[in-house]
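Data block below; observations after.
There are 6 protein chains.
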Amino acid sequence: MDMDRVYIENIEDGQKVVSYYMIKQAAIKTASNNTKFMDFTLMDKTGEINAKLWDCPEDAETYIEGKVIKIAGSVSIFKGALQLKINKLRLSSEEDNIVSMDYVKTAPLESEDMYQFLMNKIDEMADEDIKKITKAIYEDHKEQLLYFPAAMKNHHAIMGGLLYHVKRMLEMAEKMTEVYPVIRKDYLFCGVLLHDIAKIYEMDANEFGLVKDYTPEGHLLGHIIQGIKLVERYSEKLDVDEEKSMLVQHMILSHHSEPEYGSPKRPMIIEAEMLHFVDNIDARVYDMSEALSDVAPGEFSDRIWTMENRKLYQSES
Amino acid sequence: MDMDRVYIENIEDGQKVVSYYMIKQAAIKTASNNTKFMDFTLMDKTGEINAKLWDCPEDAETYIEGKVIKIAGSVSIFKGALQLKINKLRLSSEEDNIVSMDYVKTAPLESEDMYQFLMNKIDEMADEDIKKITKAIYEDHKEQLLYFPAAMKNHHAIMGGLLYHVKRMLEMAEKMTEVYPVIRKDYLFCGVLLHDIAKIYEMDANEFGLVKDYTPEGHLLGHIIQGIKLVERYSEKLDVDEEKSMLVQHMILSHHSEPEYGSPKRPMIIEAEMLHFVDNIDARVYDMSEALSDVAPGEFSDRIWTMENRKLYQSES
Amino acid sequence: MDMDRVYIENIEDGQKVVSYYMIKQAAIKTASNNTKFMDFTLMDKTGEINAKLWDCPEDAETYIEGKVIKIAGSVSIFKGALQLKINKLRLSSEEDNIVSMDYVKTAPLESEDMYQFLMNKIDEMADEDIKKITKAIYEDHKEQLLYFPAAMKNHHAIMGGLLYHVKRMLEMAEKMTEVYPVIRKDYLFCGVLLHDIAKIYEMDANEFGLVKDYTPEGHLLGHIIQGIKLVERYSEKLDVDEEKSMLVQHMILSHHSEPEYGSPKRPMIIEAEMLHFVDNIDARVYDMSEALSDVAPGEFSDRIWTMENRKLYQSES
Amino acid sequence: MDMDRVYIENIEDGQKVVSYYMIKQAAIKTASNNTKFMDFTLMDKTGEINAKLWDCPEDAETYIEGKVIKIAGSVSIFKGALQLKINKLRLSSEEDNIVSMDYVKTAPLESEDMYQFLMNKIDEMADEDIKKITKAIYEDHKEQLLYFPAAMKNHHAIMGGLLYHVKRMLEMAEKMTEVYPVIRKDYLFCGVLLHDIAKIYEMDANEFGLVKDYTPEGHLLGHIIQGIKLVERYSEKLDVDEEKSMLVQHMILSHHSEPEYGSPKRPMIIEAEMLHFVDNIDARVYDMSEALSDVAPGEFSDRIWTMENRKLYQSES
Amino acid sequence: MDMDRVYIENIEDGQKVVSYYMIKQAAIKTASNNTKFMDFTLMDKTGEINAKLWDCPEDAETYIEGKVIKIAGSVSIFKGALQLKINKLRLSSEEDNIVSMDYVKTAPLESEDMYQFLMNKIDEMADEDIKKITKAIYEDHKEQLLYFPAAMKNHHAIMGGLLYHVKRMLEMAEKMTEVYPVIRKDYLFCGVLLHDIAKIYEMDANEFGLVKDYTPEGHLLGHIIQGIKLVERYSEKLDVDEEKSMLVQHMILSHHSEPEYGSPKRPMIIEAEMLHFVDNIDARVYDMSEALSDVAPGEFSDRIWTMENRKLYQSES
Amino acid sequence: MDMDRVYIENIEDGQKVVSYYMIKQAAIKTASNNTKFMDFTLMDKTGEINAKLWDCPEDAETYIEGKVIKIAGSVSIFKGALQLKINKLRLSSEEDNIVSMDYVKTAPLESEDMYQFLMNKIDEMADEDIKKITKAIYEDHKEQLLYFPAAMKNHHAIMGGLLYHVKRMLEMAEKMTEVYPVIRKDYLFCGVLLHDIAKIYEMDANEFGLVKDYTPEGHLLGHIIQGIKLVERYSEKLDVDEEKSMLVQHMILSHHSEPEYGSPKRPMIIEAEMLHFVDNIDARVYDMSEALSDVAPGEFSDRIWTMENRKLYQSES
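These protein sequences, in sequence, are chains U, P, R, V, H and F. Quick note on our numbering: the first sequence kicks off at 37 and runs consecutively. Quick note on our numbering: the second sequence kicks off at 37 and runs consecutively. Quick note on our numbering: the third sequence kicks off at 37 and runs consecutively. Quick note on our numbering: the fourth sequence kicks off at 37 and runs consecutively. Quick note on our numbering: the fifth sequence kicks off at 37 and runs consecutively. Quick note on our numbering: the sixth sequence kicks off at 37 and runs consecutively.
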């Protein structure tokens, strides 16, 4: 089957391509000569590419988001980016033996394994109140956790990205409590596990972890406020100690650390401050690794908007 | 009885004073010559003054916050501010016929009247969901509303100040909907009535509207978050339409308008934006009137820290 | 005649269009194949659209700004925006019975009526100095006031927009003085009426309220400074009390409230502060209504640059 | 007479002082023991010192601002600053042969000479419009120019400081036009001569260049706006070319360069930009020289608030 | 000996004290009644206190910084802070068996042990270039490292504070490389070990880790620039690979991460970014622990200027 | 030969062009129809233009950066900018008598003359330490100084631009020391001569002063740090007085004046502050002259991003 596969990350200017891809976005448009054409974003687990089908087929409506198609076409550069001109296409059928997962960017670890890892950590918690609220929320959201990304764009915007983000943060948090015993492990762990849990309500994602948009409540309130409401609701239901619930809510509220990033209160307990650090560290390691992934030794990356427009250096030694 | 009363706003350098005042703060301290003395903040409805009692009496512990005392003393200037040296003092007794209200700064309108005014406005609401949640919250918090101030310091930091603030905002809001019909009256009114309601949980105030401090939850979450949780709880209890509850929560969340002032989300509906304006207008009229209250025509006030350090001008014409 | 009219707001991708439009901008350009073509911005009272005429006609120079033309063409999407390809065009003639006003965005009220409304308010002023200077300026600038917009882009950038902006502000200001008697009505009214008067000198607008550009003095000094000079000149001529003139000038100077928005002095009298609020409220109501005008219930607008990049929500309920 | 003089800059902790000083400020106050005392700021041309007279004399009202007095007293340190305790004092009389100028900080050049220097530069101007407006304004304000300081505090807050500031700027401006011929000398000179001229109307200064306060118009409009109005008035009277007057006004308007420093428009002509530079250079040389005047080699000054809180270094080599 | 010792942290208002303290600062001053007195800052390992000796003794000059004295006196509150009035004092003598270390705040670990810990880590480095430069610098600065603090005020301003800061950072860095293998351990360790090394040249500290002031070069260049020059010098001497030296210099240059905090370049390699994080984490844990050390459960600390003025919460649970 | 030359600044839309240009950048690309084409940036001493050669020739690889070519083609506007469609091209040959300098933007003065001018100024220095270090650095870098630009883009990005920038600054600095004798001439001159010297190491420029990119060290450390290291190295080698070397390094470090512009320390000696001013003045005169060079009288330039987005005015008078 690999005969019929060209990974998007390997596509080059001038190449002829015959391969399968998943449709990320599809639209029917009108060209300046008044003819219809199709405009696609195609994806596989290695990347994305824009594609055009200049003769709009009669069954255009069947080529929709989430479908895997087989195409034949050729590649050129348009405004500095690669573009795929499709000559032939069809939907994949059962005989093609397509594994959807091959076409989706996913976290490097199995979601089920990551989930179990986190549940084990929860089981080790000493504080019963903190344990029961964390556990209940993780049990009730297992289904979404298995595929949710941690973001719409930027870091961890991949299937299972939310779990992966939380897992690495938790490992970091555990090390941190070894070096600094003043940090209370249960609080920090709980903060790590729940700080982004309401992303599940903030974003509208499909089973492949692709986010179509924010939900209305996500826009109007945001995952920080939604997370606080979630904790409040479970606290009442499970009769959690009021101060403990308040501190968990405070950790969620303050985990972006600065008002301009969405936290109206700054961290006022040491675990909230450390939660902010491990969150930032994990996002930064992820983003920097990504940005440097295709930079040659001795060269710099492009300017990175989300890192104050700096360039990164791939060192030679 | 006025023989025995000198309003604090009338006290002058060099004056001999015999009068009644309420104790706002009291502390026993040690002077540099190792003797004990008492340090007071005294108040009446016209202002506050620092006072010292250099010979600490045996019954020092009976002079506590909220008590009205009779004193005799003399006034001098210490570091630019008036200070009262107490020569004699005693607690007021029944025969003194003290009316506590004379010693407390209060809103210029009766709390009960303001409350009724607001309840009438609620009764006129057309949207049943919005009406029922607003009404329930106002009914359940009537007791505190009758005395709560709108702030610890700054604008409306007086007994009944919260109701007074809301009432004037509501009058302004009503006018605004007359000029701009695009603004939905029920939403704006609801926003006005509930935007600061959780100040009741944010601050720890006594029956005279004096705020001792913020509550822990007030510090760690703040009245904006507390208000959202309150609305969420009542919405569930009263089965309010989800979108409506979400919009009310959004108005509360965004009413400070900017992240650096505590609103992680900016107003996204027109009523939220207008709520922000009427809130600011009322606070500004209050603060500017206060600041100019003792400035002579043709003169400027001192620099005002909370208004970007500007001075205000008392015009002559 | 409506047979020959397609409102720009109704134009869709793929549509054939035969209609009249006013030319907002016209230019003759050379294509990459070295042929000449015409590039238009066409407008009617519902919006604007870009249009191309690929074969440059011999009478190209007759198609100029402000002319109404009849065109036949077809619509496609180019870089995300609708574009009209013109196949045929001619200037409108007398027989077409064109009413220029149909092609221009105008305020929803008659300019003459708004002007009279404002003159009546001026006549009711109690302070003779303030009345005479305001009245003289309004009488001397009546001609321009009847068509001037309030801005080049953004809020009230429509024919009669300046009067409309002032009228709604004045209504709001009147209500405000009812709620807050401490605000002196004559000063606030005068501030409202004159705060933007020098836009007439800042911008170069034609009889339809279309602004071609800022004037050199508009660029180099700006309407705030120009307004102060105007008030100074009339004050001398009409022998206005010096302090009153100074306060009117101060209101103009400070009405943008913050240095970075053009006011080197912040409001130092309460009327100047309130002028700033009613100015902002009116602009915000206008802009928010515009931004939401074509957003479906339950949906969000695009990000709005002039409102700190936020999106607005069209609520369902 | 030097027997009876101790320069303030030479006064030390513990010293007995018999000397003449000018009263800069005087006030009668009440001590905590209810007795009256006098609180002075005394000055001579080398500095200022706080002084107390604990027994308030009967003729206290005769010791007022601007008077030169003879005192005997002793010096101690109070809260980190030197303080003079006065034991005896009297007003100076004719026999004392007091020269007021000895008690006032003045520019190092004669005011009349500086004024003539500037008038000569004006006479050399080639552009008749610019020459006539600059000359008229300098002739009409000669009296105030001879004593006005350039500021209330900070740089050039000395008698004749405004002329001194302008003269040094003009010398710098002349050099600048030699290096950069693209800069038009007449415009730059005019900008230098008039940029701060309205400080005369902004501040209320006495004949010794001591500023008591800003004037109301100074507060409400500021010398930049006042300067523009002044130029406008003279332009009309002298029939100056409109564009030239506009450019002079623009130079005044933009000479602080940034909105947050009072210029709502940034410099848009090269002479306006250069005016800003020579203004800043002269102020900075003055302030840095002052700040380093009593710092020993190898030492740093205190932090300087007006220079972004930096310290300055007195180098050894 | 404990009979003669009252730890400063235990001193209370009104107490009689007989104890030994180290002189941190001493000055002879003149009181307002013209008599001399001595003003001290006294310290022990638990804190500092201001002290006055009203009768200046003949041997005043012998009471200098770094000496341990025995005093008898009494305590009162002056302007909100405890003050010690000394009645009797003498220098400690040999018979007092004073251990200087008891009077100095020191890191909780032995300096020699921390130094060995770090040298062992250096020995484990795989990259020979990085190992040799780090080792040489640590060997050549061992003497100062054993007592140097990490700051003049703020975090780790204690004897041995620099080593303590580096050691905890190194432990954290090691954990970090376990979680994130993409981080190169040698670079990160080298960055940790050398990032603040030039504090030794930036500050002028005595053998007890007390910093008198910054050095001139410390003021004019700062430890970041000084550190780069140090690495450059050792790189040349030891013939270190150019790119490696450049990267070490870059880590030092960028470790404050933002220009306004002293790093003109932001981190461009992942190890530089992580260095910034572990530096901040260690400082924050230190400062937060300090700030909360005397706050009761359920209470908040004072506002903390260096943490954006926030208060910290001592939780009850 | 001028028959075959069309200066780029004179090229117009629609023109046929036959001329020689230097290749600034060249690339082979694939069009959407899968054919190869060449994409050029061509330059002469008057400007730059984009050019396309749609039929990629067999000898495409010979058309490289720095070569002068003869072309025939035609001009059109593409996305608002002129574009040259090449019909024929060939490399220039000896017979064409090409003078490379005609195709490169250069400073208006001869590099050798400017260099001599500066060396003469160095020879006049009184301070032997400062003279020897400045002289040695200028002698050792003469070769690069003769062609290096002062920037990659922006001001003085021309061949010899660095020398031209330094020369004009030095003239200005000399005048400045005449007006303000407090400024030490040797320090200021040294600062001017060395402030940007390490641009030679920061940027990778060819013999025509064209900068391809920053060097890795330029990116990671920047010319300010590189300059300090250069001075440090020469100081050691030449045995320069330590304080003097430190001050020269401080001038380099602080010459951008503000942290956000790359100076972690602000100027702390007067010469450092003045260095910042003359640097800014020269850059600003250069940029403003450039920006206004093709603006008609009475018109404004486009918005200029590097000058806070302002427009400049070309005055009529």
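Glycine included, each C-beta is placed from N, C-alpha and C at the ideal position.
{"Query": "Check whether Leu-118(H) and Asp-75(H) have beta carbons under 8 Å apart", "Result": "no"}
{"Query": "Span of the alpha helix (DSSP H) around Ala-209(H)", "Result": "197-215"}
{"Query": "Cβ distance (whole Å) where Ala-186(R) is taken to contact Lys-235(R) below 8 Å", "Result": "7 Å"}
{"Query": "C-alpha distance - Thr-251(R) paired with Arg-320(U), whole-angstrom precision", "Result": "49 Å"}
{"Query": "Contacting positions in the region 275-301 of chain R - beta carbon closer than 7 Å to chain P", "Result": "Asp-277, Glu-279, Lys-280 and Leu-283"}
{"Query": "Span separating the alpha-carbon of Ile-85(R) from that of Val-140(R)", "Result": "13 Å"}
{"Query": "For Glu-335(H) and Val-53(H), the rounded distance between their alpha carbons", "Result": "30 Å"}
{"Query": "Within chain U, the residues that Ser-304(P) reaches when beta carbons sit closer than 8 Å", "Result": "The sequence given here has Met at residue 304(P), not Ser. Within 8 Å Cβ-Cβ: His-255 and Leu-256."}
{"Query": "Within chain F, partners of Pro-252(R) - CB distance below 8 Å", "Result": "Gly-334, Phe-336 and Tyr-349"}
{"Query": "Per-residue burial, Lys-157(V) [other beta carbons within 10 Å of its own, 16 or more giving buried]", "Result": "buried"}
{"Query": "Buried versus exposed, by CB contacts within 10 Å (16 or more), Arg-339(V)", "Result": "exposed"}
{"Query": "Simplified DSSP state of Met-343(U), which is helix, strand or coil", "Result": "helix"}
{"Query": "Beta carbon proximity, Asp-315(F) to chain R, threshold 8 Å", "Result": "no"}
{"Query": "Contact set between the region 184-208 of chain F and chain V, restricted to residues whose Cβ is under 7 Å from the partner", "Result": "Arg-204, Glu-207 and Met-208"}
{"Query": "Test item: CB-CB of Asp-315(V) and His-231(V) under 8 Å", "Result": "yes"}
{"Query": "Below-8 Å beta-carbon distance, Glu-268(V) vs any chain R residue", "Result": "yes"}
{"Query": "Rounded separation between Ile-113(U) and Ile-47(F) - CA only", "Result": "29 Å"}
{"Query": "Candidates Tyr-349(P), Ile-306(P) and His-312(P): closest to Ala-327(P) by CA position", "Result": "Tyr-349(P)"}
{"Query": "Min CB distance Asn-70(F) to chain U below 8 Å", "Result": "yes"}
{"Query": "Strand pairing of Glu-84(F), partner residues [DSSP]", "Result": "Met-79(F)"}
{"Query": "Any chain H beta carbon closer than 8 Å to Ile-264(F)", "Result": "yes"}
{"Query": "Chain-order list of residues whose beta-carbon lies under 7 Å from that of Ser-271(U) (same chain, five-residue window excluded)", "Result": "Ile-169 and Ser-281"}
{"Query": "Met-324(U) vs Ile-219(U) beta-carbon contact at 8 Å", "Result": "no"}
{"Query": "Proximity winner among Lys-248(P), Val-42(P), Ala-308(P) and Leu-127(P), relative to Lys-189(P) (alpha-carbon distances)", "Result": "Lys-248(P)"}
{"Query": "Proximal residues of chain V, C-beta to C-beta of Ala-221(F) below 8 Å", "Result": "The residue you asked about is not Ala; residue 221(F) is Lys in the sequence shown. Those do not exist, as Lys-221(F) stays about 14 Å from chain V at its closest Cβ, beyond 8 Å."}
{"Query": "Closer than 8 Å to chain R by CB, Ile-113(F)", "Result": "yes"}
{"Query": "Anticipated Cβ contact below 8 Å, Ile-59(R) with Gly-102(R), distance rounded", "Result": "7 Å"}
{"Query": "Cα-Cα separation, Asp-222(V) to Gly-227(F)", "Result": "31 Å"}
{"Query": "Enclosing beta strand (DSSP E) for Thr-170(R) [first to last residue]", "Result": "Not the beta strand (DSSP E): Thr-170(R) falls in the alpha helix (DSSP H), residues 164-176."}
{"Query": "Three-state class that DSSP yields for Val-42(R) in the structure shown", "Result": "coil"}
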